[in-house]
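Structure record follows, encoded as structure tokens.
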Amino acid sequence: MLSRVVVAPSGFKESLSAQAAADAIGDGVRRVLPEAELDLIPLVDGGEGTAAALAAATGGRLVAPTATGPVGERVGTHFALLGSGDTAVVEMAAVAGLSLVPRSLRDPGATTTYGVGELIRAALDTGVRRILVGCGDSGTSDGGAGALQALGMRLLDADGDELPRGGRELRRLSRIDARGLDPRLREVELFVACNPFNVLCGARGVARVFGPQKGATPAQVEELSAGLEHWADILTRDLAVTRTDLRYGDGTGASGGLGAGLAAVGARLLPRFDVLLDHLDLDARLARADLVVTAEGALDHQTPRGKVPAEVARRAKLHGRPVLALAGTLGEGAHQVPGVDAYSGILPAPMALAEALVRASELLTDASERALRMILLGARLPVHAEVSGTHRPSSVR
1 MLSRVVVAPS
11 GFKESLSAQA
21 AADAIGDGVR
31 RVLPEAELDL
41 IPLVDGGEGT
51 AAALAAATGG
61 RLVAPTATGP
71 VGERVGTHFA
81 LLGSGDTAVV
91 EMAAVAGLSL
101 VPRSLRDPGA
111 TTTYGVGELI
121 RAALDTGVRR
131 ILVGCGDSGT
141 SDGGAGALQA
151 LGMRLLDADG
161 DELPRGGREL
171 RRLSRIDARG
181 LDPRLREVEL
191 FVACNPFNVL
201 CGARGVARVF
211 GPQKGATPAQ
221 VEELSAGLEH
231 WADILTRDLA
241 VTRTDLRYGD
251 GTGASGGLGA
261 GLAAVGARLL
271 PRFDVLLDHL
281 DLDARLARAD
291 LVVTAEGALD
301 HQTPRGKVPA
311 EVARRAKLHG
321 RPVLALAGTL
331 GEGAHQVPGV
341 DAYSGILPAP
351 MALAEALVRA
361 SELLTDASER
371 ALRMILLGAR
381 LPVHAEVSGT
391 HRPSSVR
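The numbering used here puts the first residue of the sequence shown at 1, with every later residue one more than the last.
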């Protein structure tokens, strides 16, 4: 019997928040197991919904200023003050996320993290002692240059002029003037919750891996990669960075290289799940489950590289719990995610992406119901001993 089901999904990018995904799966489970105890745990990975989830989990609150969005326009945004009162959470996706970039303007060479720096300044204004920056779902590839500009750093070309914002400008960077950097950064602990698999440069550099998802053409990918290589070199030289390898260090590629930019001014880059999930008491809740259901927009060979379903499955297996994963799309390697016992796509038939995004909640609910019914059917099937020797069934004539 399945008397307790833990539902621990990520959000579906540009479609469902983690909370909405958890609610949709819960509705599907209740159609099949109306008496079961459901524990909904919408999971955040540093991207969309992180600040709100951590504020709710700790009894904190959201602060809602305006700041510069990824395409340069002012946007309403937010950061969280946790219940402890001494920690702020800046969610970069809330001010520089891909969802804030209109499809017609998706050019990661032009978008900026300037608003992230403005949110960090706003958090500093509250007097907190610790700032946690959540990385994920970004629409930028500027190496965090915009954020550092907002914090008072000047990025100068060969003529001594300030560089415009955007990742494509980084190749023209000649030197950095850090004399105007907000001095309060030295008085707080600055942490970045990031995917440690994301690095700034090289064959697996962030521009090459994620640039196309943000609208970059192949030529732009190479332009951005070259700019980020140069950015890492100048940051290391002019800021005398020794603690972190800005080019290949774990997490330096987070959110289009924001990890590298913040590491250059003293931030510690930490594996996002180690930082974020402890606030949700996830391990103890998984240990009490009869079944764990997780979900994300895509299940594929990238999933084990720091995605929510893989982390949920890993932790669930520490307690011997079975795991079902649901996904908007199933790609190469979907069957090889460690710890996932069964998986299913949510689309019942081929459909246009635009329709799938609009109907995501409905599709996820229906898919959850189908999967649970299959699980219950399997539980009812008789288990036969292996057929061998004289007990072979007769052939059909």
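Glycine is no exception: its CB is placed at the ideal position from the N, C-alpha and C atoms.
By Cβ distance, which residues of its chain are closer than 8 angstroms to residue i, with the 5 residues on each side in sequence left out?
i, result
"Asp-39", "Arg-4, Val-5, Val-6, Val-7, Arg-285, Arg-288, Ala-289"
"Val-32", "Glu-369, Leu-372, Arg-373, Leu-376"
"Ala-226", "Arg-171"
"Arg-175", "Leu-156, Ile-234, Asp-238"
"Asp-27", "Thr-365, Ser-368"
Whose CA, out of the options, lies closest to the CA of residue i?
i, options, result
"Gln-213", "Ser-138, Ala-360, Ala-356, Ala-325", "Ser-138"
"Ala-67", "Thr-113, Gly-205, Leu-163", "Thr-113"
"Leu-411", "Gly-76, Gly-215, Asp-278", "Residue 411 is absent from the model: the chain starts at 1 and stops at 397."
"Pro-271", "Tyr-248, Cys-194, Leu-291, Pro-338", "Cys-194"
"Gly-59", "Pro-9, Leu-82, Arg-305", "Leu-82"
"Asp-107", "Val-89, Gly-85, Pro-70", "Pro-70"
"Ala-88", "Leu-124, Glu-332, Gly-72", "Leu-124"
"Gly-72", "Val-63, Gly-180, Tyr-343, Thr-111", "Thr-111"
"Ala-96", "Asp-86, Ser-104, Ser-84, Val-116", "Val-116"
"Arg-129", "Pro-382, Ala-36, Glu-189", "Glu-189"
"Phe-273", "Ala-267, Gly-251, Leu-258, Val-265", "Gly-251"
"Ser-141", "Leu-151, Thr-126, Gly-109, Gln-149", "Gly-109"
"Val-265", "Leu-282, Tyr-248, Thr-236", "Thr-236"
"Gly-146", "Val-358, Gln-336, Ile-120, Ile-131", "Ile-120"
"Ala-158", "Leu-173, Thr-242, Gly-166", "Leu-173"
"Gly-85", "Glu-118, Gly-127, Arg-103", "Gly-127"
For residue i, which residues in the same chain have their Cβ closer than 6 angstroms to its Cβ, ignoring the five residues on either side in sequence?
i, result
"Ala-263", "Thr-244, Leu-269"
"Glu-91", "Thr-50, Ala-51, Gly-134"
"Pro-309", "Thr-294, Glu-296, Thr-303, Ala-325"
"Gly-306", "Asn-195, Phe-197"
"Gln-19", "Pro-42"
Taking the beta strand (DSSP E) that residue i belongs to, which residues open and close that run?
i, result
"Ser-344", "342-345"
"Leu-270", "268-271"
"Ala-216", "Note, Ala-216: premise wrong, no beta strand (DSSP E); not H, not E."
"Leu-326", "323-330"
"Leu-38", "37-40"
"Arg-4", "4-7"
"Glu-296", "291-299"
"Glu-91", "87-91"
Considering only DSSP beta bridges, list what residue i is partnered with.
i, result
"Ile-176", "Leu-155"
"Phe-79", "Val-63"
"Phe-191", "Leu-132, Arg-268"
"Asp-138", "The sequence given here has Ser at residue 138, not Asp. DSSP lists Gly-97 as partners of Ser-138."
"Gly-205", "Val-199"
"Phe-210", "Looking at the DSSP assignment, Phe-210 forms no beta bridge with any residue, so it has no partner."
"Glu-162", "Leu-156"
Please state whether the Cβ-Cβ distance between residue i and residue j is less than 8 angstroms.
i, j, result
"Val-293", "Ile-25", "yes"
"Ala-354", "Ala-21", "no"
"Ala-240", "Cys-201", "no"
"Leu-228", "Ala-207", "yes"
"Val-275", "Ala-313", "no"
"Ala-122", "Phe-191", "no"
"Leu-291", "Leu-98", "no"
"Ala-360", "Ser-15", "yes"
"Leu-100", "Val-75", "yes"
"Asp-177", "Arg-154", "yes"
"Leu-246", "Ala-260", "yes"
"Thr-329", "Ala-349", "no"
Go to residue i, then tell me how far its alpha helix (DSSP H) extends in each direction, as first and last residue.
i, result
"Ile-375", "360-380"
"Arg-130", "Note, Arg-130: premise wrong, no alpha helix (DSSP H); beta strand (DSSP E) at 130-134."
Who are the Cβ neighbours of residue i in its own chain at under 7 angstroms, not counting the five residues just before and after it?
i, result
"Ala-57", "His-279, Leu-280"
"Pro-65", "Thr-77, Ala-122"
"Glu-169", "Leu-163"
"Val-221", "Ala-207, Arg-208, Gly-211, Pro-212"
"Leu-136", "As written in the sequence, residue 136 is Gly, which differs from the Leu given in the question. Excluding positions up to five away in sequence, the list reads Asp-45, Gly-46, Gly-47, Ala-93, Ser-255."
Using a threshold of 7 angstroms, is the CB atom of residue i nearer than that to any non-hydrogen atom of the ligand GTP?
i, result
"Leu-239", "This structure does not include the ligand GTP; it has no bound ligands of any sort."
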